[in-house]
Structure formats: structure tokens, C-alpha cells
Amino acid sequence: MKNKIRLGILGGGGDSLIGIVHRIASSMHDSYEIIGGVFNPDYNENLKFAEEIGLDKKRIYEDYEKMIEEELKLDESERVQVVSILTPNFLHYPMAKKLLENNFNVICEKPMTTTYAEAKDLENIYKSKNLTFAVTYTYTGYPMIRQMKEMIKSGVIGDIQRVDLQYYQGWINPIIHDSSKRSETWRLQPEKSGISCCIGDIGTHAFDMLEYVTGMEVKELLSDLNYVYDDNTMDVDGTILIRFSDKIKGVIRASQIATGEENNFTVAIYGKKGGLKWEQQNPNYLYHLSDTDPMKVLKPGHDYNSNFSKISAKLPPGHPEGMFDSMANIYNGVAREINGNKEFDGEYPTLNDGLRGMLFIEKAVESHKNGNKWVKLN
Ligand SMILES: NC(=O)c1ccc[n+]([C@@H]2O[C@H](COP(=O)([O-])OP(=O)(O)OC[C@H]3O[C@@H](n4cnc5c(N)ncnc54)[C@H](O)[C@@H]3O)[C@@H](O)[C@H]2O)c1
Numbered sequence: 131m132k133n134k135i136r137l138g139i140l141g142g143g144g145d146s147l148i149g150i151v152h153r154i155a156s157s158m159h160d161s162y163e164i165i166g167g168v169f170n171p172d173y174n175e176n177l178k179f180a181e182e183i184g185l186d187k188k189r190i191y192e193d194y195e196k197m198i199e200e201e202l203k204l205d206e207s208e209r210v211q212v213v214s215i216l217t218p219n220f221l222h223y224p225m226a227k228k229l230l231e232n233n234f235n236v237i238c239e240k241p242m243t244t245t246y247a248e249a250k251d252l253e254n255i256y257k258s259k260n261l262t263f264a265v266t267y268t269y270t271g272y273p274m275i276r277q278m279k280e281m282i283k284s285g286v287i288g289d290i291q292r293v294d295l296q297y298y299q300g301w302i303n304p305i306i307h308d309s310s311k312r313s314e315t316w317r318l319q320p321e322k323s324g325i326s327c328c329i330g331d332i333g334t335h336a337f338d339m340l341e342y343v344t345g346m347e348v349k350e351l352l353s354d355l356n357y358v359y360d361d362n363t364m365d366v367d368g369t370i371l372i373r374f375s376d377k378i379k380g381v382i383r384a385s386q387i388a389t390g391e392e393n394n395f396t397v398a399i400y401g402k403k404g405g406l407k408w409e410q411q412n413p414n415y416l417y418h419l420s421d422t423d424p425m426k427v428l429k430p431g432h433d434y435n436s437n438f439s440k441i442s443a444k445l446p447p448g449h450p451e452g453m454f455d456s457m458a459n460i461y462n463g464v465a466r467e468i469n470g471n472k473e474f475d476g477e478y479p480t481l482n483d484g485l486r487g488m489l490f491i492e493k494a495v496e497s498h499k500n501g502n503k504w505v506k507l508n
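Note that the sequence shown covers residues 131 to 508 in our numbering.
Set out below in C-alpha cells:
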């Protein structure tokens, strides 16, 4: 019987949004076994939740430092091998740092840290180790996004000339207009979230996706953010002009006050020979546009897809897969690397992707605060 990878989890308790996505995703390819962790800062809540999901209380700890200390006492054959960090943003850096220093592989939620300096520090530690570090830009796991990446790489749409990414949500709208609710959400508190709310939370998904599917690095940006109220220090909406070069340009539009929108993330890349469009709320369709032919709609699991896209669909065509499956593909990428089976570029978003994400957030805020000036990403 194959040995499953022993997984620890920090955050992601029963009260969280993203915890269940990681727990299900980690089990989908039969590669991981959840061993324990710290699901909640309150130890009793932590134990209660661990019991609910059937974990051994011996491997549930008061905090991440205790977890690392106790796990290191165990024989390597029993010790947790990979730790997923699913807490609010400000805890990612101290947790990831200590985990890397003590030779644990890491799967970290985005944004990777709260500052670029912290992300750089993680990079330095990571470079001195032989470990796997993934950042869960979840949407890169969709089969049709992977198909888009491979089609762009093989020149199907020709040289890129225009990019347009939109990530619209409306969930902050009722919160931003109510000052008491505003103080309750950690995403609007800089000490917990970092310097940005909307750009840090969802703009960073769009930025990562842009670099992921094009395989190119953004060189400059100009941003115009909206804070809505003078006493609110965190952006909830932004428009960011993007330049890869003088001749390749586009836009990232992100909003959490797009009233009534749910998770409307769209990616459109236009080249000289054609365009590719994808919508997160209809993730099983990839639209291929051209000047001459009728629009084609590509779907997962078919032979016409690339091998990378094909390994990212578990079921035959016509069986919709969604966000859990997309996250599962990222977990699978990490497992394939740990087990020495990784084949494709982009099987999971890397520490460098997390670092680029932090650079993007800081530069977007800098551009806005300096009077909407162009800034270089270097
Ligand atoms: N990849 C995605 O698409 C995606 C989607 C949602 C959230 N996220 C990211 O996931 C992270 C968590 O977001 P969320 O919406 O689930 O937050 P949340 O507030 O819903 O849940 C946070 C969880 O962390 C736990 N926690 C808090 N402090 C802790 C500590 N000291 N030790 C252990 N656990 C602790 C809480 O008890 C809770 O279970 C954020 O960084 C967020 O940006 C990513």
C-alpha cells in the first residue's frame, strides 16, 4: 500500500471559509492523510473541531510553535511532512518561516505574507532548503485554465497584445456602509490583512493568473483604488493598468463592492491570431475566438486537450468539476513533486508566485498613493 503524505493544518477550523476546501481537496487524489494541527486559536474549540472530524487529539496542539516542537520529537516516519497554512494573512509569515526553518514542506494560502519584505525573507530561507512550498492560487488548478496556459505557450493565439482580467465580488458592500460591521471583519484591518483588502485578497488572484497563463512577467502598473470612506484605510475596489511592454498592455479590474456580484472572475487574453476567454463561474468552458472562424468552446477531459489539462480532470467529459477539484489539482501537484512524479510546469503555484503577488500588492498601493503614477515591478 502506498504511504500517504502526512498533512498538518494551521487554521481552517469549522468556523472558516477555506478550511473545508483544503480538507476535501487534500483527500481527492488519495495522496494525503490529515494528521492534526491547530484549527483554532482557542484550544477547546480546536479540540472540539478535531473530534468532530475524527482526528487523534494527541496531534492537536495549542499553537503552531508547540506543534513544530512536538512533531520534531517524533520519528521522521510518523512526523507531519507538509503543513497547510489557512489562517488570516498576518499569521502566514511567522508560521511559514518557522516551518521552513524546521524542514517542513508548506502549502500556504494567498496572499503569502502581509509585506514584500516578509515574502523575500521566506524566499531566502526556502533557497537554503530542499523543500516544496506552494501558494494556493486556487484557480490555477482548473483544467481549462491549464489548457489556456498550454495553448498560449504553443502559439495558438499568436503573440499576446491585450490582456483583460476582471474579479468582481459584492460581499463587502453591506459591510463597508456599516461602521460597526466594518470593524468586525479582519480583512479590513491592516494589522491582520496587510496593506490592502481587495487587491490583496482577489486582485492578487488575477495578477497571478495573468502571469500563470501568459508565462510572462508584468513590468509596470498604474492603479486607481477606491476606499469609499475617508476613515477606511483599506481598498475595496481597484482598476490597474498593466504593461508587459510598450506593445503588450491590459487591465486588472477587481472589486468587492460590485453590488450583487458573487465570484465573477474572468480571464481574457488576446493574441494576433485569436483570443481565449474563461469565466470562473462557468469553469468547464474555454472560449477560443478568432477573426475567421466561429467561436470554439473547449471542455475538460477530451483528447483535444493538452496532457497537462487532461491530468487535471478526474472524470470523463460532461461531469462538471469545480473549485474543490481545482484546489485538489494543486494538492496533487505538491504530492507529485514530493513523490518525484511532477511532469508539467505549473502543477502548483510556487513561492516565487507568492512573492510576485506581494510585489504586485505593494506596487498597486504605492501607485495609487503616489497620485496614480506608473511604477515598475522589479
Ligand atoms: N485560495 C482561495 O481562493 C481563498 C479563498 C478564501 C480565503 N483564502 C485565504 O485563506 C486564508 C483564511 O481565509 P478564510 O476566509 O478561511 O478566513 P476565516 O476568517 O474564515 O478563517 C480563519 C481560520 O483561522 C483560524 N485561526 C485564526 N487564528 C489562528 C491561530 N492563531 N492558529 C490557528 N488557527 C487560527 C480561525 O479559527 C479560522 O478557523 C486567508 O489568507 C485568505 O486570504 C483563500
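For glycine and all other residues, C-beta sits at the position ideal for the given N, C-alpha and C.
Taking the Cβ atom as the reference point for each residue, do residue i and residue j lie within a distance shorter than 8 Å?
i: G372; j: V366; result: Before going on, a small fix: residue 372 reads as Ile here, not Gly. The answer is no: Cβ separation not under 8 Å.
i: L489; j: M242; result: no
i: Y342; j: G452; result: no
i: A264; j: P450; result: no
i: V464; j: I237; result: yes
i: Q443; j: P304; result: One point to set straight first is that residue 443 is Ala, not Gln, in the sequence displayed. Contact: no.
i: K429; j: P446; result: no
i: S456; j: T268; result: yes
Would you call residue i buried or exposed, if buried means 16 or more other Cβ atoms sit within 10 Å of its Cβ?
i: M425; result: exposed
i: G166; result: buried
i: W101; result: Here the chain has residues from 131 to 508 only, and residue 101 is not among them.
i: G345; result: exposed
i: T389; result: exposed
i: S375; result: exposed
i: S313; result: exposed
i: G285; result: exposed
i: L352; result: buried
i: P171; result: exposed
i: Y461; result: buried
Along the chain, where does the alpha helix (DSSP H) containing residue i start, and where does it finish?
i: F454; result: 453-468
i: R312; result: 309-314
i: V151; result: 149-158
i: T270; result: From DSSP, T270 is part of no alpha helix (DSSP H); its letter is neither H nor E.
i: L489; result: 481-499
i: H335; result: 334-344
So residue i and residue j are in contact, right, with Cβ under 8 Å, and what is the actual spacing, rounded?
i: Q291; j: I378; result: 6 Å
i: H152; j: I139; result: 7 Å
i: L202; j: N176; result: Incorrect: roughly 20 Å between the Cβ atoms, too far for contact.
i: A494; j: I329; result: 5 Å
i: I325; j: I387; result: 18 Å between Cβ atoms; not a contact.
i: G404; j: L419; result: 6 Å
Along the chain, where does the beta strand (DSSP E) containing residue i start, and where does it finish?
i: V427; result: 426-428
i: Q291; result: 290-298
i: S353; result: 350-356
i: Y400; result: 394-401
i: H418; result: 416-419
i: V286; result: Element bounds for V286: n/a, residue is neither H nor E.
i: F474; result: Neither: F474 is in no beta strand (DSSP E) and is coded neither H nor E.
i: R373; result: 367-375
i: I378; result: 378-385
i: I135; result: 135-141
i: K407; result: 405-409
If we cut at 8 Å on Cβ distances, does residue i have a partner in chain D?
i: K188; result: No chain D appears in this structure, which consists of one protein chain only.
Notebook entry, point to check: Mind pulling the alpha helix (DSSP H) runs of 4 or more residues that sit fully within the stretch 165-234?
Noted result: 173-182, 194-203, 222-231
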